[in-house]
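Chemist: Dropping a structure here in structure tokens format, bear with me for questions.
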Amino acid sequence: MIAFDYTGKVVLVTGGTKGLGRGIARAFLSAGATVIVCARTPPDAPVTAPLHPRAPAPASDDRPGVARFVRADVRDPEDLERLFAGLDRLDVVVNNAGGAPYAMVAGTSPRLHARVIELNLIAPLLVAQRAHPLLAATRGAVIMIGSTSGTRPSPGTSAYGAAKAGLHHLAACLAAEWAPDVRVNTVVVGLAETENAAEHYGGRSELMSATIPAGRMAGPSDVGEVCLWLAGSGYVTGAQILVHGGGETPAWKWVASDGISR
23 MIAFDYTGKV
33 VLVTGGTKGL
43 GRGIARAFLS
53 AGATVIVCAR
63 TPPDAPVTAP
73 LHPRAPAPAS
83 DDRPGVARFV
93 RADVRDPEDL
103 ERLFAGLDRL
113 DVVVNNAGGA
123 PYAMVAGTSP
133 RLHARVIELN
143 LIAPLLVAQR
153 AHPLLAATRG
163 AVIMIGSTSG
173 TRPSPGTSAY
183 GAAKAGLHHL
193 AACLAAEWAP
203 DVRVNTVVVG
213 LAETENAAEH
223 YGGRSELMSA
233 TIPAGRMAGP
243 SDVGEVCLWL
253 AGSGYVTGAQ
263 ILVHGGGETP
273 AWKWVASDGI
283 SR
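Take 23 as the starting number for the sequence shown in this note's numbering and just add one per residue.
Structural data, given as structure tokens:
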């Protein structure tokens, strides 16, 4: 296990109160960073992690090993202004907020698809744009949390998949535009095991895991470890790091193994 030291660094994780975002926030807390998490609603429980042995004394409004929560909708420019107005330093932004309900395109509301694209593509752009001056001052980094839904067909979540594909390209564009002062990379996450995985995968998480060469879904800590590395690497920018356990076993192998056809 590689040990990372982020003491003295300030990290913002959007959507950092649950799921992958909570795991990412905990990873940076464990490495000694001051972590701010934002979401539309407060977390059920504070985001905490064991205190890093070299962590400095916290500011008066922070508690050791506890992320600071700020209520903010990352789609709302006014909320973003309020969020960033409270920061005088920023070293890392993790654009994690996102997601979408399962909804086929035919017969669904145009407003639904617009909101999905707004959350998963436009909001990360606005967050990165607003964070840029602070990150440039610290020669910091932006990490986009992408998805394999943006790299292969995503039936039932078409707008989400299209938005994630756009997010991957946005990161590459910003990496070129903001180099060398700010690095921008993407973590492309495959099937993931979070607190709502059972609902999301229809109660078939074990069967879904069997389709992954690594034998299990990605966990929040897996994604958090990759974010720690990306945020600390001083040269890597414009990269897409696949965190998908080897991808998804091709359907033809399942068909062949059952002896149905070859």
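We put the beta carbon where it would ideally sit given N, CA and C, even for glycine.
With DSSP run on the structure shown, which of helix, strand or coil describes valine 138?
Modeler: The residue you call residue 138 lines up with position 116 of the sequence shown. Of the three classes helix, strand and coil, the one that applies to valine 138 here is helix, per DSSP.
Chemist: According to DSSP, leucine 34 sits in a beta bridge with which residue or residues?
Modeler: Along the sequence shown, read from residue 1 onward, the residue named residue 34 stands at position 12. BP columns for leucine 34 point to Ile58, Val115.
Chemist: Taking Cβ to Cβ, would you say leucine 105 is nearer than 8 Å to alanine 119?
Modeler: Taking the sequence shown and counting its residues from 1, one reaches residue 105 at position 83. Taking the sequence shown and counting its residues from 1, one reaches residue 119 at position 97. Not closer than 8 Å, so no.
Chemist: Between which two residues does the beta strand (DSSP E) harbouring threonine 179 extend?
Modeler: Position 157 of the sequence shown, counted from the first residue, corresponds to residue 179. Counting along the chain, threonine 179 falls outside any beta strand (DSSP E), and DSSP gives it neither H nor E.
Chemist: Between the C-alpha atoms of valine 277 and valine 265, what's the straight-line distance to the nearest angstrom?
Modeler: If you number the sequence shown from 1, residue 277 lands on position 255. If you number the sequence shown from 1, residue 265 lands on position 243. Going by the C-alpha atoms only, they are around 26 Å apart.
Chemist: Decide yes or no for the touch test of the segment 118–134 against the segment 174–189: beta carbon pairs closer than 8 Å, at least 3 of them.
Modeler: Short answer: they touch.
Chemist: Closer than 8 Å is the cut-off here; do at least three beta carbon pairs connect the segment 230–241 with the segment 256–272?
Modeler: Counting Cβ pairs under 8 Å, three or more are found: they touch.
Chemist: Nearest CA to the CA of glycine 188: which residue from Val35, Asn142, Asp203, Phe91?
Modeler: Within the sequence shown, numbered from 1, the residue matching residue 188 stands at position 166. Ranking Val35, Asn142, Asp203, Phe91 by Cα distance to glycine 188 puts Asn142 first.
Chemist: Between the segment 161–174 and the segment 204–215, can you find at least three pairs of beta-carbon atoms closer than 8 Å?
Modeler: Taking 8 Å as the limit for Cβ pairs, the verdict is that the segment 161–174 does touch the segment 204–215.
Chemist: Look at the alpha carbon of threonine 216 and the alpha carbon of valine 258, and state the distance between them as a whole number of angstroms.
Modeler: For the purposes of this step, residue 216 is taken as the residue at position 194 of the sequence shown. For the purposes of this step, residue 258 is taken as the residue at position 236 of the sequence shown. Cα to Cα, threonine 216 sits roughly 28 Å from valine 258.
Chemist: Can you tell me whether DSSP reads glycine 246 as helix, strand or coil?
Modeler: In the sequence shown, residue 246 corresponds to position 224, counting from 1. Glycine 246 falls in the helix class under three-state DSSP.
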